[in-house]
Amino acid sequence: GPTSFEALRTVNGQICATFREACQLHGLLEDDQQWDATMSEAAAAQSPARLRNLFALILAVCGPSNPKQLWESYKESLTEDILRNARRQNPGINLDYTPDMFNQALIIIENKVLEMGGKELEKLELPTPQRNSGDRLNSAMLRETSYDDLRNNGKNMGGVVVLIAGDFRQTLPVIPKGTMADELKACLKSSYLWRHVASLKLSTNMRVHLQGDVSAGRFAEQLLAIGNGKIPADPVSGLINISDNFCNIVESVEELKNKVFPNIQTQYKDHKWLCERAILAPKNVNVNAINLQIQQQLPGEAISYKSIDTVKDIDMVVQYPTEFLNSLEPSGMPPHNLRLKIGSSIMLLRNLDAPRLCNGTRLCVKTLMPHVIEATIMTGCAKGEDVFIPKIPLLPSDIPFQFTRLQFPVRLAFAMSINKAQGQSLKVAGVNLETPCFSHGQLYVACSRVGTGENLYVFAPDGKTKNIVYKTALQ
1 GPTSFEALRT VNGQICATFR EACQLHGLLE DDQQWDATMS EAAAAQSPAR
51 LRNLFALILA VCGPSNPKQL WESYKESLTE DILRNARRQN PGINLDYTPD
101 MFNQALIIIE NKVLEMGGKE LEKLELPTPQ RNSGDRLNSA MLRETSYDDL
151 RNNGKNMGGV VVLIAGDFRQ TLPVIPKGTM ADELKACLKS SYLWRHVASL
201 KLSTNMRVHL QGDVSAGRFA EQLLAIGNGK IPADPVSGLI NISDNFCNIV
251 ESVEELKNKV FPNIQTQYKD HKWLCERAIL APKNVNVNAI NLQIQQQLPG
301 EAISYKSIDT VKDIDMVVQY PTEFLNSLEP SGMPPHNLRL KIGSSIMLLR
351 NLDAPRLCNG TRLCVKTLMP HVIEATIMTG CAKGEDVFIP KIPLLPSDIP
401 FQFTRLQFPV RLAFAMSINK AQGQSLKVAG VNLETPCFSH GQLYVACSRV
451 GTGENLYVFA PDGKTKNIVY KTALQ
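FYI, the numbering for the sequence shown is 1 to 475, going by this note's numbering.
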(Lines of atoms letter the chains of each structure in order from A; the text may use other names.)
(Lines give C-alpha, C1' and ligand atoms only; values in the text may rest on other atoms or scores of the structure.)
Protein backbone atom coordinates (compact mmCIF):
# COMPACT_ATOMS: atom_id res chain seq x y z
CA GLY A 1 0.00 0.00 0.00
CA PRO A 2 0.99 3.69 -0.19
CA THR A 3 3.58 4.85 2.33
CA SER A 4 3.24 8.63 1.89
CA PHE A 5 1.09 11.34 0.29
CA GLU A 6 3.53 11.38 -2.62
CA ALA A 7 3.03 7.64 -3.07
CA LEU A 8 -0.73 8.26 -3.25
CA ARG A 9 -0.09 10.72 -6.09
CA THR A 10 2.14 8.28 -7.97
CA VAL A 11 0.55 6.34 -10.84
CA ASN A 12 2.65 3.91 -12.89
CA GLY A 13 5.84 5.66 -11.78
CA GLN A 14 4.53 9.15 -12.62
CA ILE A 15 4.14 11.64 -9.74
CA CYS A 16 0.96 13.66 -10.31
CA ALA A 17 0.66 17.31 -9.33
CA THR A 18 -2.71 16.78 -7.60
CA PHE A 19 -4.72 13.95 -6.10
CA ARG A 20 -7.44 14.67 -8.69
CA GLU A 21 -4.97 14.04 -11.51
CA ALA A 22 -3.96 10.76 -9.85
CA CYS A 23 -7.62 9.73 -9.59
CA GLN A 24 -8.11 10.52 -13.29
CA LEU A 25 -5.13 8.38 -14.28
CA HIS A 26 -6.50 5.56 -12.11
CA GLY A 27 -9.87 5.91 -13.89
CA LEU A 28 -11.69 6.75 -10.66
CA LEU A 29 -13.39 9.93 -11.93
CA GLU A 30 -16.27 9.94 -14.39
CA ASP A 31 -15.78 12.54 -17.12
CA ASP A 32 -15.18 12.72 -20.88
CA GLN A 33 -11.50 11.91 -20.37
CA GLN A 34 -12.74 8.35 -19.79
CA TRP A 35 -14.09 8.13 -23.36
CA ASP A 36 -11.11 9.97 -24.85
CA ALA A 37 -8.73 7.49 -23.20
CA THR A 38 -10.91 4.57 -24.34
CA MET A 39 -10.80 5.74 -27.97
CA SER A 40 -7.06 6.49 -27.77
CA GLU A 41 -6.21 2.98 -26.54
CA ALA A 42 -8.46 1.29 -29.10
CA ALA A 43 -7.12 3.44 -31.96
CA ALA A 44 -3.65 2.04 -31.31
CA ALA A 45 -4.92 -1.34 -32.54
CA GLN A 46 -5.37 0.21 -36.02
CA SER A 47 -8.72 -1.43 -36.73
CA PRO A 48 -11.05 1.33 -38.04
CA ALA A 49 -14.10 -0.95 -38.40
CA ARG A 50 -13.88 -2.11 -34.77
CA LEU A 51 -13.11 1.46 -33.68
CA ARG A 52 -16.30 2.68 -35.39
CA ASN A 53 -18.30 0.00 -33.55
CA LEU A 54 -16.72 1.13 -30.28
CA PHE A 55 -17.44 4.81 -31.03
CA ALA A 56 -21.06 3.97 -31.86
CA LEU A 57 -21.35 2.01 -28.60
CA ILE A 58 -19.99 4.95 -26.59
CA LEU A 59 -22.50 7.28 -28.30
CA ALA A 60 -25.47 4.93 -27.84
CA VAL A 61 -24.82 3.71 -24.29
CA CYS A 62 -22.33 5.89 -22.42
CA GLY A 63 -23.65 9.41 -23.10
CA PRO A 64 -20.43 11.47 -23.46
CA SER A 65 -21.02 15.17 -22.77
CA ASN A 66 -19.10 16.35 -25.85
CA PRO A 67 -19.43 13.73 -28.63
CA LYS A 68 -18.50 16.26 -31.33
CA GLN A 69 -15.09 16.85 -29.72
CA LEU A 70 -14.59 13.08 -29.54
CA TRP A 71 -15.37 12.79 -33.26
CA GLU A 72 -13.00 15.63 -34.17
CA SER A 73 -10.21 14.02 -32.16
CA TYR A 74 -10.52 10.58 -33.79
CA LYS A 75 -12.23 11.10 -37.14
CA GLU A 76 -9.06 10.25 -39.06
CA SER A 77 -8.60 6.98 -37.15
CA LEU A 78 -12.29 6.20 -37.72
CA THR A 79 -11.89 6.80 -41.48
CA GLU A 80 -8.46 5.25 -42.05
CA ASP A 81 -9.69 2.18 -43.97
CA ILE A 82 -11.87 4.33 -46.25
CA LEU A 83 -8.80 6.39 -47.20
CA ARG A 84 -6.76 3.21 -47.66
CA ASN A 85 -9.37 1.76 -50.05
CA ALA A 86 -9.49 5.01 -52.04
CA ARG A 87 -5.69 5.01 -52.43
CA ARG A 88 -5.78 1.37 -53.54
CA GLN A 89 -8.37 2.20 -56.20
CA ASN A 90 -6.43 5.29 -57.37
CA PRO A 91 -2.73 4.30 -57.17
CA GLY A 92 -1.49 7.26 -59.24
CA ILE A 93 -3.08 9.95 -57.07
CA ASN A 94 -1.74 11.23 -53.75
CA LEU A 95 -5.01 11.16 -51.81
CA ASP A 96 -5.61 12.55 -48.34
CA TYR A 97 -8.68 12.68 -46.09
CA THR A 98 -11.65 14.46 -47.68
CA PRO A 99 -15.06 15.59 -46.35
CA ASP A 100 -16.66 12.83 -48.44
CA MET A 101 -14.57 10.17 -46.65
CA PHE A 102 -15.57 11.54 -43.25
CA ASN A 103 -19.18 11.55 -44.45
CA GLN A 104 -18.92 7.85 -45.38
CA ALA A 105 -17.63 7.07 -41.89
CA LEU A 106 -20.46 9.09 -40.31
CA ILE A 107 -23.06 7.17 -42.35
CA ILE A 108 -21.61 3.85 -41.10
CA ILE A 109 -21.53 5.14 -37.50
CA GLU A 110 -25.09 6.50 -37.68
CA ASN A 111 -26.39 3.18 -39.05
CA LYS A 112 -24.73 1.39 -36.14
CA VAL A 113 -26.05 3.88 -33.54
CA LEU A 114 -29.56 3.50 -35.00
CA GLU A 115 -29.24 -0.28 -34.57
CA MET A 116 -28.03 0.02 -30.97
CA GLY A 117 -30.08 2.90 -29.59
CA GLY A 118 -32.40 4.24 -32.28
CA LYS A 119 -30.73 7.67 -32.25
CA GLU A 120 -29.63 9.81 -35.19
CA LEU A 121 -26.27 11.61 -34.97
CA GLU A 122 -27.98 15.01 -35.17
CA LYS A 123 -29.66 14.30 -31.83
CA LEU A 124 -26.23 13.50 -30.37
CA GLU A 125 -24.85 16.89 -31.50
CA LEU A 126 -22.63 15.31 -34.15
CA PRO A 127 -22.33 16.33 -37.83
CA THR A 128 -25.31 14.97 -39.77
CA PRO A 129 -24.08 12.72 -42.60
CA GLN A 130 -25.21 13.66 -46.11
CA ARG A 131 -27.02 10.66 -47.59
CA ASN A 132 -28.03 10.11 -51.20
CA SER A 133 -31.69 9.45 -52.04
CA GLY A 134 -31.15 5.67 -51.94
CA ASP A 135 -29.68 5.83 -48.44
CA ARG A 136 -32.52 8.07 -47.24
CA LEU A 137 -35.11 5.72 -48.72
CA ASN A 138 -33.49 2.69 -47.06
CA SER A 139 -33.41 4.48 -43.70
CA ALA A 140 -37.06 5.46 -44.04
CA MET A 141 -37.97 1.88 -44.98
CA LEU A 142 -36.11 0.54 -41.96
CA ARG A 143 -37.99 2.91 -39.66
CA GLU A 144 -41.35 2.04 -41.19
CA THR A 145 -40.86 -1.73 -41.20
CA SER A 146 -39.79 -1.65 -37.56
CA TYR A 147 -43.36 -0.81 -36.56
CA ASP A 148 -45.93 -3.50 -35.91
CA ASP A 149 -48.09 -4.22 -38.94
CA LEU A 150 -51.73 -3.30 -38.39
CA ARG A 151 -53.78 -6.20 -39.69
CA ASN A 152 -57.26 -4.74 -39.16
CA ASN A 153 -58.64 -7.65 -37.15
CA GLY A 154 -59.27 -8.41 -33.51
CA LYS A 155 -57.46 -11.73 -33.37
CA ASN A 156 -54.66 -12.38 -30.88
CA MET A 157 -51.28 -11.49 -32.38
CA GLY A 158 -53.23 -10.11 -35.34
CA GLY A 159 -53.96 -13.66 -36.42
CA VAL A 160 -50.29 -14.35 -37.11
CA VAL A 161 -49.04 -17.83 -36.21
CA VAL A 162 -46.33 -17.44 -33.55
CA LEU A 163 -44.11 -20.39 -32.67
CA ILE A 164 -42.81 -20.31 -29.11
CA ALA A 165 -40.59 -22.88 -27.44
CA GLY A 166 -39.89 -23.58 -23.81
CA ASP A 167 -39.57 -26.18 -21.08
CA PHE A 168 -41.42 -25.67 -17.81
CA ARG A 169 -39.01 -28.08 -16.13
CA GLN A 170 -36.44 -25.29 -16.36
CA THR A 171 -36.16 -22.34 -13.99
CA LEU A 172 -39.13 -19.99 -13.74
CA PRO A 173 -39.02 -16.17 -13.98
CA VAL A 174 -36.97 -14.70 -11.14
CA ILE A 175 -39.11 -12.56 -8.83
CA PRO A 176 -36.96 -10.75 -6.20
CA LYS A 177 -38.18 -11.80 -2.74
CA GLY A 178 -41.10 -13.56 -4.43
CA THR A 179 -42.93 -16.69 -3.33
CA MET A 180 -43.73 -19.81 -5.33
CA ALA A 181 -47.12 -18.27 -6.15
CA ASP A 182 -45.41 -15.13 -7.49
CA GLU A 183 -43.15 -17.18 -9.76
CA LEU A 184 -46.06 -19.23 -11.08
CA LYS A 185 -48.09 -16.07 -11.68
CA ALA A 186 -45.24 -14.65 -13.79
CA CYS A 187 -45.20 -17.75 -16.04
CA LEU A 188 -46.59 -17.78 -19.55
CA LYS A 189 -49.14 -20.36 -18.38
CA SER A 190 -50.74 -17.68 -16.20
CA SER A 191 -51.21 -15.33 -19.17
CA TYR A 192 -54.68 -14.87 -20.63
CA LEU A 193 -53.11 -15.84 -23.97
CA TRP A 194 -52.24 -19.36 -22.77
CA ARG A 195 -55.75 -20.69 -23.40
CA HIS A 196 -55.26 -19.80 -27.08
CA VAL A 197 -51.98 -21.76 -27.32
CA ALA A 198 -51.89 -25.20 -28.95
CA SER A 199 -49.29 -27.22 -27.02
CA LEU A 200 -47.05 -29.58 -29.01
CA LYS A 201 -44.61 -31.85 -27.16
CA LEU A 202 -41.16 -32.76 -28.45
CA SER A 203 -40.24 -36.42 -28.24
CA THR A 204 -36.45 -36.34 -28.71
CA ASN A 205 -33.75 -34.73 -26.58
CA MET A 206 -31.54 -33.28 -29.32
CA ARG A 207 -28.48 -32.85 -27.10
CA VAL A 208 -28.66 -36.57 -26.36
CA HIS A 209 -29.65 -37.55 -29.90
CA LEU A 210 -26.51 -35.95 -31.30
CA GLN A 211 -24.37 -38.21 -29.08
CA GLY A 212 -25.76 -41.27 -30.90
CA ASP A 213 -25.30 -43.91 -28.18
CA VAL A 214 -27.50 -46.00 -25.88
CA SER A 215 -26.11 -44.54 -22.65
CA ALA A 216 -27.18 -41.10 -23.82
CA GLY A 217 -30.76 -42.39 -24.02
CA ARG A 218 -30.62 -43.61 -20.42
CA PHE A 219 -29.18 -40.24 -19.43
CA ALA A 220 -32.18 -38.52 -21.07
CA GLU A 221 -34.63 -40.69 -19.13
CA GLN A 222 -32.91 -39.86 -15.84
CA LEU A 223 -32.92 -36.17 -16.75
CA LEU A 224 -36.67 -36.27 -17.29
CA ALA A 225 -37.11 -38.00 -13.93
CA ILE A 226 -35.23 -35.12 -12.27
CA GLY A 227 -37.16 -32.49 -14.23
CA ASN A 228 -40.51 -34.08 -13.39
CA GLY A 229 -39.62 -34.48 -9.71
CA LYS A 230 -39.93 -38.27 -9.82
CA ILE A 231 -36.66 -39.08 -8.03
CA PRO A 232 -37.77 -40.19 -4.52
CA ALA A 233 -36.59 -37.88 -1.74
CA ASP A 234 -35.82 -38.71 1.88
CA PRO A 235 -38.99 -37.89 3.89
CA VAL A 236 -36.98 -36.24 6.68
CA SER A 237 -34.20 -34.33 4.91
CA GLY A 238 -35.97 -33.85 1.58
CA LEU A 239 -32.75 -34.78 -0.24
CA ILE A 240 -32.40 -37.08 -3.24
CA ASN A 241 -29.49 -39.42 -3.97
CA ILE A 242 -27.46 -38.66 -7.09
CA SER A 243 -26.70 -41.96 -8.78
CA ASP A 244 -23.18 -42.64 -10.04
CA ASN A 245 -24.67 -44.30 -13.14
CA PHE A 246 -26.18 -40.93 -14.04
CA CYS A 247 -23.01 -38.82 -13.85
CA ASN A 248 -19.47 -38.73 -12.44
CA ILE A 249 -19.52 -38.08 -8.68
CA VAL A 250 -16.47 -36.19 -7.37
CA GLU A 251 -15.36 -35.81 -3.76
CA SER A 252 -14.39 -32.12 -3.60
CA VAL A 253 -14.60 -28.77 -5.37
CA GLU A 254 -10.88 -29.08 -6.16
CA GLU A 255 -11.46 -32.38 -7.96
CA LEU A 256 -14.41 -30.82 -9.78
CA LYS A 257 -12.19 -28.02 -11.11
CA ASN A 258 -9.52 -30.47 -12.22
CA LYS A 259 -12.02 -32.69 -14.05
CA VAL A 260 -13.71 -29.85 -15.93
CA PHE A 261 -10.57 -27.78 -16.61
CA PRO A 262 -7.64 -30.25 -16.80
CA ASN A 263 -4.26 -28.68 -17.68
CA ILE A 264 -5.84 -25.25 -18.01
CA GLN A 265 -2.38 -23.64 -17.74
CA THR A 266 -1.79 -24.62 -21.37
CA GLN A 267 -5.26 -25.48 -22.71
CA TYR A 268 -6.72 -21.99 -22.11
CA LYS A 269 -5.26 -20.83 -25.44
CA ASP A 270 -7.66 -23.17 -27.27
CA HIS A 271 -10.87 -21.14 -27.48
CA LYS A 272 -12.94 -24.12 -28.64
CA TRP A 273 -11.80 -26.15 -25.62
CA LEU A 274 -12.42 -23.21 -23.29
CA CYS A 275 -15.94 -22.30 -24.42
CA GLU A 276 -17.32 -25.85 -24.39
CA ARG A 277 -16.93 -26.30 -20.61
CA ALA A 278 -18.03 -24.56 -17.41
CA ILE A 279 -18.79 -25.19 -13.73
CA LEU A 280 -22.30 -24.36 -12.54
CA ALA A 281 -23.53 -23.53 -9.05
CA PRO A 282 -26.83 -22.28 -7.58
CA LYS A 283 -25.40 -19.17 -5.88
CA ASN A 284 -23.01 -16.46 -7.03
CA VAL A 285 -20.87 -16.70 -3.88
CA ASN A 286 -19.69 -20.17 -4.97
CA VAL A 287 -19.42 -19.10 -8.62
CA ASN A 288 -17.19 -16.12 -7.77
CA ALA A 289 -14.87 -18.21 -5.60
CA ILE A 290 -14.39 -20.87 -8.30
CA ASN A 291 -13.83 -18.26 -11.00
CA LEU A 292 -11.03 -16.57 -9.07
CA GLN A 293 -9.42 -19.91 -8.16
CA ILE A 294 -9.35 -21.06 -11.80
CA GLN A 295 -8.11 -17.69 -13.06
CA GLN A 296 -5.21 -17.90 -10.59
CA GLN A 297 -3.96 -20.96 -12.50
CA LEU A 298 -3.48 -18.93 -15.69
CA PRO A 299 -0.02 -17.46 -16.30
CA GLY A 300 0.54 -13.73 -16.01
CA GLU A 301 -0.54 -11.02 -13.60
CA ALA A 302 -4.17 -10.14 -12.96
CA ILE A 303 -5.19 -6.58 -13.78
CA SER A 304 -7.60 -4.87 -11.39
CA TYR A 305 -10.36 -2.59 -12.70
CA LYS A 306 -12.26 -0.55 -10.11
CA SER A 307 -15.70 0.80 -10.91
CA ILE A 308 -16.93 4.36 -10.42
CA ASP A 309 -20.07 4.14 -8.26
CA THR A 310 -22.32 7.19 -7.88
CA VAL A 311 -25.76 7.88 -6.41
CA LYS A 312 -28.09 9.55 -8.91
CA ASP A 313 -29.90 11.66 -6.28
CA ILE A 314 -27.46 14.30 -5.01
CA ASP A 315 -29.43 14.65 -1.76
CA MET A 316 -28.68 11.00 -0.90
CA VAL A 317 -24.89 11.13 -1.35
CA VAL A 318 -24.27 11.50 2.39
CA GLN A 319 -26.52 8.52 3.20
CA TYR A 320 -24.74 6.22 0.73
CA PRO A 321 -20.97 6.84 0.79
CA THR A 322 -18.79 5.55 -2.04
CA GLU A 323 -17.30 2.79 0.14
CA PHE A 324 -20.79 1.39 0.75
CA LEU A 325 -21.65 1.50 -2.97
CA ASN A 326 -18.39 -0.28 -3.76
CA SER A 327 -19.33 -3.13 -1.41
CA LEU A 328 -22.61 -3.86 -3.21
CA GLU A 329 -22.81 -6.78 -5.65
CA PRO A 330 -26.29 -6.68 -7.20
CA SER A 331 -27.31 -9.61 -9.39
CA GLY A 332 -26.45 -9.24 -13.05
CA MET A 333 -23.79 -6.60 -12.32
CA PRO A 334 -19.99 -6.73 -12.50
CA PRO A 335 -18.11 -6.37 -9.21
CA HIS A 336 -16.58 -3.09 -8.07
CA ASN A 337 -13.11 -4.67 -8.22
CA LEU A 338 -12.97 -6.67 -11.46
CA ARG A 339 -9.77 -8.73 -11.76
CA LEU A 340 -8.91 -10.19 -15.16
CA LYS A 341 -6.02 -11.92 -16.92
CA ILE A 342 -5.21 -12.31 -20.59
CA GLY A 343 -6.78 -15.62 -21.62
CA SER A 344 -9.59 -15.47 -19.06
CA SER A 345 -13.06 -16.62 -20.09
CA ILE A 346 -15.58 -13.81 -19.59
CA MET A 347 -19.32 -13.40 -20.11
CA LEU A 348 -21.12 -10.27 -21.27
CA LEU A 349 -23.77 -8.99 -18.84
CA ARG A 350 -25.62 -6.60 -21.17
CA ASN A 351 -26.82 -6.46 -24.77
CA LEU A 352 -24.32 -4.16 -26.49
CA ASP A 353 -24.49 -4.90 -30.20
CA ALA A 354 -27.04 -7.62 -31.03
CA PRO A 355 -26.71 -10.24 -32.38
CA ARG A 356 -22.90 -10.15 -32.01
CA LEU A 357 -22.61 -8.98 -28.42
CA CYS A 358 -25.57 -10.07 -26.28
CA ASN A 359 -26.20 -10.74 -22.62
CA GLY A 360 -24.64 -14.19 -22.09
CA THR A 361 -22.11 -14.04 -24.95
CA ARG A 362 -18.84 -15.66 -23.85
CA LEU A 363 -15.49 -14.19 -24.85
CA CYS A 364 -11.78 -14.73 -24.21
CA VAL A 365 -9.67 -11.78 -23.08
CA LYS A 366 -7.06 -10.87 -25.69
CA THR A 367 -5.69 -7.51 -24.49
CA LEU A 368 -6.20 -5.60 -21.24
CA MET A 369 -5.84 -1.83 -21.50
CA PRO A 370 -6.66 0.72 -18.77
CA HIS A 371 -9.94 1.85 -20.37
CA VAL A 372 -10.87 -0.83 -22.90
CA ILE A 373 -10.78 -4.63 -23.17
CA GLU A 374 -10.04 -6.38 -26.45
CA ALA A 375 -11.62 -9.83 -26.51
CA THR A 376 -12.35 -12.66 -28.94
CA ILE A 377 -15.97 -13.82 -29.19
CA MET A 378 -16.24 -17.56 -28.44
CA THR A 379 -19.99 -18.14 -28.85
CA GLY A 380 -22.76 -17.01 -31.15
CA CYS A 381 -22.91 -15.83 -34.76
CA ALA A 382 -19.71 -13.73 -34.51
CA LYS A 383 -17.51 -16.53 -33.11
CA GLY A 384 -13.81 -15.77 -33.67
CA GLU A 385 -14.30 -12.02 -34.13
CA ASP A 386 -12.23 -9.58 -32.05
CA VAL A 387 -14.15 -6.75 -30.38
CA PHE A 388 -13.54 -3.79 -28.07
CA ILE A 389 -15.51 -3.57 -24.83
CA PRO A 390 -15.58 -0.21 -23.00
CA LYS A 391 -16.77 0.60 -19.51
CA ILE A 392 -20.46 1.51 -19.57
CA PRO A 393 -22.86 2.95 -16.97
CA LEU A 394 -24.92 0.18 -15.35
CA LEU A 395 -28.03 0.63 -13.21
CA PRO A 396 -29.04 -2.25 -10.91
CA SER A 397 -32.74 -3.05 -10.71
CA ASP A 398 -32.87 -4.82 -7.34
CA ILE A 399 -31.59 -2.02 -5.09
CA PRO A 400 -34.06 0.22 -3.16
CA PHE A 401 -32.25 3.37 -4.34
CA GLN A 402 -30.76 4.38 -7.68
CA PHE A 403 -27.02 4.29 -8.24
CA THR A 404 -24.84 3.94 -11.32
CA ARG A 405 -21.79 1.70 -11.67
CA LEU A 406 -19.36 2.58 -14.46
CA GLN A 407 -17.58 -0.69 -15.15
CA PHE A 408 -16.81 -3.21 -17.89
CA PRO A 409 -20.09 -5.16 -18.35
CA VAL A 410 -18.43 -8.57 -17.93
CA ARG A 411 -17.82 -11.30 -15.37
CA LEU A 412 -15.47 -14.27 -15.32
CA ALA A 413 -17.14 -17.28 -16.97
CA PHE A 414 -15.11 -20.36 -16.01
CA ALA A 415 -18.03 -20.85 -13.63
CA MET A 416 -21.52 -19.36 -13.81
CA SER A 417 -24.77 -19.50 -11.91
CA ILE A 418 -27.25 -22.17 -12.96
CA ASN A 419 -29.80 -19.49 -13.87
CA LYS A 420 -27.25 -17.76 -16.13
CA ALA A 421 -26.35 -21.09 -17.75
CA GLN A 422 -29.93 -21.67 -18.93
CA GLY A 423 -29.80 -21.75 -22.72
CA GLN A 424 -26.08 -22.59 -22.88
CA SER A 425 -24.94 -25.85 -24.52
CA LEU A 426 -21.74 -27.37 -23.15
CA LYS A 427 -19.63 -30.39 -23.93
CA VAL A 428 -18.29 -30.75 -20.36
CA ALA A 429 -20.09 -29.44 -17.28
CA GLY A 430 -19.37 -29.51 -13.57
CA VAL A 431 -22.08 -28.88 -10.97
CA ASN A 432 -21.09 -27.64 -7.52
CA LEU A 433 -23.88 -28.44 -5.05
CA GLU A 434 -22.09 -27.66 -1.78
CA THR A 435 -24.89 -25.08 -1.55
CA PRO A 436 -28.06 -26.91 -2.67
CA CYS A 437 -30.47 -25.69 -5.33
CA PHE A 438 -33.10 -23.29 -3.99
CA SER A 439 -35.66 -22.85 -6.78
CA HIS A 440 -37.71 -24.82 -9.29
CA GLY A 441 -35.81 -26.56 -12.08
CA GLN A 442 -32.26 -25.57 -11.12
CA LEU A 443 -30.94 -29.13 -10.81
CA TYR A 444 -32.59 -30.10 -14.12
CA VAL A 445 -31.08 -27.06 -15.88
CA ALA A 446 -27.61 -27.75 -14.48
CA CYS A 447 -27.58 -31.41 -15.51
CA SER A 448 -29.14 -30.87 -18.94
CA ARG A 449 -26.40 -28.55 -20.25
CA VAL A 450 -24.60 -31.64 -21.62
CA GLY A 451 -25.83 -34.56 -23.72
CA THR A 452 -24.24 -37.44 -21.84
CA GLY A 453 -23.51 -38.38 -18.24
CA GLU A 454 -19.90 -39.16 -19.14
CA ASN A 455 -19.24 -35.42 -19.45
CA LEU A 456 -21.16 -34.39 -16.34
CA TYR A 457 -19.28 -34.05 -13.03
CA VAL A 458 -21.19 -33.38 -9.82
CA PHE A 459 -19.98 -32.51 -6.33
CA ALA A 460 -22.67 -32.93 -3.67
CA PRO A 461 -21.90 -33.57 0.02
CA ASP A 462 -22.59 -37.26 0.73
CA GLY A 463 -23.92 -37.61 -2.81
CA LYS A 464 -27.24 -35.99 -1.82
CA THR A 465 -28.93 -32.72 -2.76
CA LYS A 466 -32.27 -30.94 -3.08
CA ASN A 467 -34.36 -31.17 -6.23
CA ILE A 468 -37.06 -28.50 -6.11
CA VAL A 469 -39.91 -29.05 -8.57
CA TYR A 470 -43.22 -27.16 -8.59
CA LYS A 471 -45.66 -29.78 -9.87
CA THR A 472 -48.18 -27.00 -10.58
CA ALA A 473 -45.83 -25.53 -13.20
CA LEU A 474 -45.73 -28.84 -15.07
CA GLN A 475 -49.48 -29.43 -15.22
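By construction, the Cβ of each residue, glycine as well, lies at the ideal position given by its N, Cα and C atoms.
Computed from a predicted model, the values in this text were never measured in an experiment.
Same chain only: Cβ atoms within 7 Å of residue i, ignoring 5 sequence neighbours per side
i      : result
LEU83  : LEU95, TYR97 and MET101
LEU256 : VAL250, ILE279, GLY430, ASN432, TYR457 and PHE459
GLN170 : GLN422, GLY441, TYR444 and VAL445
PRO129 : ASN103, LEU106, ILE107, GLU110 and LEU121
GLY463 : ASN241, ILE242 and ILE249
GLN297 : ILE264 and GLN265
VAL287 : ALA281, ALA415, MET416 and SER417
TRP35  : ILE58, CYS62, PRO64 and LEU70
Chain C contact for residue i (CB, 8 Å cutoff)
i      : result
PRO232 : Note that chain C does not occur in the displayed structure, where there is just one protein chain.
Chain-order list of residues whose beta-carbon lies under 6 Å from that of residue i (same chain, five-residue window excluded)
i      : result
ARG356 : ALA382
PHE168 : ALA473 and LEU474
LYS283 : THR435
VAL450 : LEU426, ALA429 and LEU456
PRO2   : LEU8
GLN407 : SER307, PRO334 and LYS391
PRO393 : THR404 and LEU406
THR38  : HIS371, VAL372 and PRO390
ASN419 : THR171
CYS62  : ILE392
GLY380 : THR361
CYS16  : ARG9 and ALA22
GLY227 : ARG169 and TYR444
CYS247 : GLY453, LEU456 and VAL458
DSSP-derived helix/strand/coil call for residue i
i      : result
GLN14  : strand
ASP315 : helix
THR465 : strand
ASP305 : One detail in the question is off: residue 305 reads as Tyr in this sequence, not Asp. TYR305 falls in the strand class under three-state DSSP.
ARG405 : strand
LYS185 : helix
LEU338 : strand
LEU368 : strand
ARG9   : coil
TYR268 : coil
MET333 : coil
GLY227 : helix
LYS193 : The residue you asked about is not Lys; residue 193 is Leu in the sequence shown. Coil.
SER425 : coil
ASP234 : coil
ASN291 : helix
ARG218 : helix
Which residues DSSP lists as bridging residue i, in chain order
i      : result
LYS201 : Answer is none; LYS201 lacks a bridge partner.
PRO396 : Answer by DSSP bridge pairing: none, since PRO396 is not bridged.
SER417 : ALA281
GLY430 : ILE279 and TYR457
SER240 : Per the sequence shown, residue 240 should be read as Ile rather than Ser. In the DSSP output, where bridge partners are listed per residue, ILE240 has THR465.
VAL250 : VAL250 is not bridged to any residue.
ARG50  : According to DSSP, ARG50 bridges with nothing at all.
PHE388 : GLU374
MET347 : ARG362 and ARG411
LEU357 : ASP353
THR310 : THR404
With 16 other Cβ atoms within 10 Å as the buried cut-off, status of residue i
i      : result
LEU395 : exposed
ASP182 : exposed
ARG87  : exposed
HIS271 : buried
VAL236 : exposed
VAL410 : buried
MET116 : buried
ARG532 : Nothing about residue 532 can be reported from this structure: the residues present for the chain run from 1 to 475 only.
GLY229 : buried
TYR192 : exposed
LYS189 : buried
Sequence-distant residues of the same chain with beta carbon closer than 8 Å to residue i, five excluded per side
i      : result
ARG339 : LEU292, GLN295, ALA302, ILE303, SER304 and TYR305
LEU124 : LEU59, PRO67 and VAL113
ASN53  : LYS112, ASP353, VAL387 and PHE388
ASP313 : PHE401 and GLN402
GLN69  : ASP32
ILE468 : CYS437, PHE438, SER439, HIS440, GLY441, GLN442 and LEU443
LEU274 : GLN267, TYR268, SER345, CYS364 and MET378
SER215 : THR452, GLY453 and GLU454
Near the ligand HEM: residue i beta-carbon under 7 Å from a heavy atom
i      : result
HIS196 : The ligand HEM is not among the ligands present in this structure, which contains no ligands whatsoever.
Runs of alpha helix (DSSP H) lying entirely within the segment 47 to 132, each at least 4 residues, in chain order: Here the runs fully enclosed are 48 to 57, 67 to 89 and 99 to 117.
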